[in-house]
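Chemist: I have a structure here, written as structure tokens, and I will follow up with some questions on it.
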Ligand SMILES: Nc1ncnc2c1ncn2[C@@H]1O[C@H](COP(=O)(O)OP(=O)(O)O)[C@@H](O)[C@H]1O
Ligand SMILES: [Mg+2]
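Residue numbers (the working numbering): 7 to 296.
Right, dumping it as structure tokens:
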């Protein structure tokens, strides 16, 4: 019998609904905890792992998910999303470059690869009139994302990173701070279709709009403008199961700032009453003909 393998490292609302939905429609599902996986090179010549006919990669940890997807692909598995999409979406620098390369409206972003150069970015910018946002290139849930409205904060970030032993401490990513309402937009894009879209309003004591930080979800109409930008963005990183996030810039309209590879859809499901998990499983089923 044909099987779907779901890799996870934490069972959130999303993984549970994907699992339950697949079971409900009669698909055999193998739920695999990525943390317990052990692989070796002999599997390349004798693949008796039997993870499934198609794999849904839902690991939260960027590195765990990415390394595992690389292995699974080399072992001959079809993985959704594939490793190329994972690499781009998990890395904010690559995402920004690839969006812009493909003419997807996106905020202007600055990169540097050394502390002195990062000081130069902060010093050259008129932060009072054009503030920046600092972001770790790899990260989620808004962790470490904060506005830089003056030189002191900018310098503090660079100094703190100089103390860090992380291999990423010399990779700096700043983005223009977008003048937006206290919300952003999350579009769930499956294949070449925007299946749901919501506003995410930040909570009263929070600037970031992530639902994981108390952001509130509200259904919005999928306009053709929203749809066109979301699909263009999805095509730029690779078609799969994605969360395309946008901000509404006072001056420039919709700007895509992030594309999520293992998209969370708890907020979108409850705000829209759309069975997003079912649409995802149907998409995988269609691809795989299971
Ligand atoms: N350039 C920006 N201007 C204004 N707000 C921003 C900007 N970038 C991010 N934010 C806010 O911070 C949140 C987290 O940033 P994001 O780039 O999505 O990182 P993460 O991957 O951690 O969610 C966004 O959802 C948005 O509310
Ligand atoms: Mg985000």
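Even glycine gets a Cβ: it sits at the ideal position worked out from N, Cα and C. From a predicted model like this one, the values you see are computed outputs, not experimental measurements.
The alpha helix (DSSP H) that contains residue 243, what's its start and end?
Modeler: Run containing residue 243: 230-243, per the alpha helix (DSSP H) assignment.
Chemist: Does ligand 1 have a heavy atom nearer than 7 Å to the CB of residue 103?
Modeler: No; taking the cut-off as 7 Å, the Cβ of residue 103 has no heavy atom of ligand 1 nearer than that.
Chemist: Does ligand 1 have even one heavy atom less than 7 Å from the beta-carbon of residue 148?
Modeler: Indeed, a heavy atom of ligand 1 lies less than 7 Å from the Cβ.
Chemist: Rounded to a whole number of angstroms, what is the C-alpha to C-alpha distance between residue 165 and residue 93?
Modeler: The straight-line gap from Cα to Cα measures roughly 28 Å.
Chemist: Which first and last residues belong to the beta strand (DSSP E) in which residue 199 is found?
Modeler: Residues 199-207.
Chemist: What distance in whole Å lies between the Cβ atoms of residue 192 and residue 204, which are believed to be in contact at a cut-off of 8 Å?
Modeler: The pair is a contact, with the Cβ atoms about 5 Å apart (cut-off 8 Å).
Chemist: Which residues in the same chain as residue 99 place their Cβ atom closer than 8 Å to its Cβ, once the five residues preceding and following it in sequence are excluded?
Modeler: Excluding residues within five positions, the ones whose Cβ falls inside 8 Å are 115, 117, 143, 177, 179.
Chemist: Assuming residue 24 is part of the alpha helix (DSSP H), what are its boundary residues?
Modeler: Looking at the DSSP string, the run of the alpha helix (DSSP H) that includes residue 24 is 19-30.
Chemist: Flag this pair as touching only if the region 58-66 and the region 76-90 have three or more C-beta atom pairs under 8 Å; answer yes or no.
Modeler: Touching, per the Cβ criterion.
Chemist: Which same chain residues, not among the five before or five after residue 285, have their C-beta less than 7 Å away from its C-beta?
Modeler: Contacts found: 196, 201.
Chemist: Can you tell me whether residue 293 is buried or exposed, with buried defined as 16 or more other CB within 10 angstroms of its CB?
Modeler: With fewer than 16 other Cβ atoms within 10 Å, it is exposed.
Chemist: Comparing C-alpha positions only, which one of 287, 289, 264, 152 sits nearest to residue 102?
Modeler: Here the closest residue by C-alpha is 264.
Chemist: Any chance the CB of residue 9 is under 7 Å from a heavy atom of ligand 1?
Modeler: No - ligand 1 has no heavy atom lying nearer than 7 Å to the Cβ of residue 9.
Chemist: In three-state terms, what does DSSP make of residue 273?
Modeler: Here residue 273 sits in helix by DSSP.
Chemist: My guess is that residue 70 and residue 40 are in contact by the Cβ rule of under 8 Å, so how many angstroms apart are they, rounded?
Modeler: Residue 70 to residue 40, Cβ: 5 Å. Contact.
Chemist: Verify whether the separation of the beta carbon atoms of residue 10 and residue 33 is less than 8 Å.
Modeler: The answer is yes: Cβ separation under 8 Å.
Chemist: For ligand 2, any of its heavy atoms closer than 7 Å to the Cβ of residue 26?
Modeler: No, ligand 2 has no heavy atom inside 7 Å of this Cβ.
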